[in-house]
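Participant: To start, I am sharing the structure in question, which I have written as structure tokens.
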Ligand code: SF4
Ligand code: SF4
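In our numbering, the protein residues as written are 634 to 1026.
Here's what the structure looks like:
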């Protein structure tokens, strides 16, 4: 297992165990099977286990497995505050203490504000006294490192990152999302500040494995290095020194062993020009299935009316590559819940964006088509309801 380090120089395995997708049996987590998988990863050198308050049963199972095998002190637990449920200072302790109890521990190694999508969420927590609360938890040793997990755009990511002295952060990042959400821009900014970055959705929830177009699968299988689609995606990440740890939601011994094998010899700079050429080919093949040829370069931004053009086009393309429901969910969480709305319907057709688009996309027309697909009426209503709930002061 290769290791990189946190802010204090402590080792973190480059492969982290994502505990969101443990196998279930009869409606609850299959603890015997999960225990074997966790212990296999531990024996292969994994020392970072990522769970959350809202992953049903996950914290309790992880706590039980670590206690049963007497390895609590030897691994790092990362878990998350459901900040979107917090509306009073008392709730901070309530959730945290419940998590300690579930995890059978009296401290958390890496504690994250869960699922931040916009800067205003951090502002709200600040008003509730989160900074003082964190200072007190760190002083008492109950929290060792503080961070946040993020799903909004790069501007808000940088805004949150610059608002506090974070120990680490967690972003969605993979070779198809290089320029979406926090993206390469966010990753680079974090690295410049010396903040370790944990990666989630390294294979887009398996989409860069199972849902690759047939032509892309063939291109990978005929590559002389013998990489699997998963190996290609993981190596692309570990090639980047700015990446500290990559989470994988492993739920079979085979997957644990395979990922640990790859993580045992993946180093920063391990990608060569042929590997990059293969990634470019795969991206090209995927883009052939796209509905709009947007590269996410953001030259069209900012729009004077605040429309998030590349985010909408990315989600529009997801309707073809993945599924409409996945695209609509992605759009709702990355754009729909921002404090300042960024919807296509705000467009006044000034045409400024089209003058800057190197792909010559007829942006104004495409925005209308994309908005209809990504935000049909029931979703519009749903987003408005959730906005009222989540963005309340
Ligand atoms: S045409 Fe619409 S989307 Fe483009 S810059 Fe003007 S207002 Fe924004
Ligand atoms: S300038 Fe064109 S290609 Fe670049 S993000 Fe905007 S729409 Fe996409």
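The beta carbon of each residue, even a glycine, is placed where N, CA and C say it ideally should be.
Determine the direct distance from the alpha carbon of residue 676 to that of residue 729, and round the result to whole angstroms.
Facilitator: C-alpha separation (whole angstroms): 29 Å.
Participant: Quick one, which of 665, 840 and 707 has its alpha-carbon nearest residue 644's?
Facilitator: Residue 644 has its Cα closest to that of 707, out of 665, 840 and 707.
Participant: Do you know offhand how far residue 974's Cα is from residue 669's?
Facilitator: 46 Å
Participant: Ignoring anything shorter than 3 residues, give me the beta strand (DSSP E) runs that lie fully in the segment 849-924, in order along the chain.
Facilitator: 876-881
Participant: Using the Cβ count rule (16 or more neighbours within 10 Å means buried), how would you classify residue 753?
Facilitator: buried
Participant: Whole angstroms are fine: how far does the CA of residue 914 sit from the CA of residue 908?
Facilitator: 10 Å
Participant: Going by DSSP, what residue range makes up the beta strand (DSSP E) through residue 830?
Facilitator: 830-833
Participant: Would you list the residues sitting across from residue 746 in a DSSP beta bridge?
Facilitator: 714 and 781
Participant: Go through the residues and name those whose CB comes closer than 6 Å to any heavy atom of ligand 2, in chain order.
Facilitator: 927, 928, 929, 930, 931, 932, 933, 942, 943, 946, 989, 990, 992, 994 and 996
Participant: What residues are listed by DSSP as bridge partners for residue 637?
Facilitator: 645
Participant: Is residue 986 near ligand 1, going by C-beta to nearest heavy atom under 7 Å?
Facilitator: yes
Participant: Under DSSP, the beta strand (DSSP E) around residue 726 begins and ends at which residues?
Facilitator: Run containing residue 726: none in the beta strand (DSSP E); it sits in the alpha helix (DSSP H), 722-736.
Participant: Which residue comes first and which comes last in the beta strand (DSSP E) that contains residue 927?
Facilitator: Careful: residue 927 lies outside any beta strand (DSSP E) and carries neither H nor E.
Participant: Thinking C-alpha only, which one of 694, 657, 742 and 715 is nearest residue 680?
Facilitator: 742
Participant: Using a Cβ-based criterion (distance less than 7 Å to any ligand heavy atom), does residue 938 qualify as near ligand 1?
Facilitator: yes
Participant: Taking its Cβ as the centre, do 16 or more other Cβ atoms sit within 10 Å of residue 770, making it buried, or is it exposed?
Facilitator: Result: buried.
Participant: Measure the beta-carbon distance from residue 874 to residue 841 and round it to whole angstroms, keeping in mind my assumption that it falls under 8 Å.
Facilitator: Rounded, the Cβ-Cβ distance is 22 Å, inconsistent with contact.
Participant: Within the continuous beta strand (DSSP E) that includes residue 801, where are the two ends?
Facilitator: For residue 801, the enclosing beta strand (DSSP E) begins and ends at 801-805.
Participant: Checking the sheet assignment: what are the DSSP bridge partners for residue 651?
Facilitator: Under DSSP, the beta-bridge partners assigned to residue 651 are 683.
Participant: Where DSSP assigns a beta bridge to residue 709, which residues make up the other side?
Facilitator: According to DSSP, residue 709 bridges with 681.
Participant: How would you call residue 782, buried or exposed, if buried means at least 16 neighbouring beta carbons within 10 angstroms?
Facilitator: buried
Participant: Going by C-alpha distance, which of 995, 984, 981 and 1008 is nearest residue 952?
Facilitator: 1008
Participant: For residue 1091, which of 989, 801 and 945 has the nearest alpha-carbon?
Facilitator: A question about residue 1091 goes unanswered here, because the residues of the chain that appear run from 634 up to 1026.
Participant: Is residue 741 helix, strand or coil when you go by DSSP?
Facilitator: strand
Participant: Measuring straight from C-alpha to C-alpha, what distance separates residue 923 and residue 847?
Facilitator: 15 Å
Participant: With DSSP as the reference, label residue 661 as helix, strand or coil.
Facilitator: strand
Participant: Give me the Cα-Cα distance between residue 812 and residue 731, rounded to the nearest whole angstrom.
Facilitator: Residue 812 and residue 731: Cα-Cα distance of roughly 37 Å.
Participant: Considering residue 948, what are the terminal residues of the alpha helix (DSSP H) in which it resides?
Facilitator: 942-954
Participant: Hey, quick one: how far does the alpha helix (DSSP H) through residue 999 stretch, first residue to last?
Facilitator: Element bounds for residue 999: 996-1007.
Participant: Locate the alpha helix (DSSP H) running through residue 812, then write down its first and last residues.
Facilitator: Per DSSP, residue 812 belongs to no alpha helix (DSSP H) and is neither H nor E.
Participant: Should the segment 831-840 be called in touch with the segment 873-891, which here means at least 3 C-beta pairs below 8 Å?
Facilitator: yes
Participant: Along the chain, where does the alpha helix (DSSP H) containing residue 696 start, and where does it finish?
Facilitator: 691-701
Participant: Nearer than 7 Å: is that true of the beta carbon of residue 788 relative to any heavy atom of ligand 1?
Facilitator: no
Participant: Within this structure, are the beta carbons of residue 684 and residue 705 separated by less than 8 Å?
Facilitator: Between residue 684 and residue 705, the gap from beta carbon to beta carbon reaches 8 Å or more.
Participant: Around the Cβ of residue 768, are there at least 16 other Cβ atoms within 10 angstroms (buried) or fewer (exposed)?
Facilitator: Label assigned to residue 768: exposed.
Participant: Which residue marks the beginning of the alpha helix (DSSP H) containing residue 770, and which one marks its end?
Facilitator: 763-773
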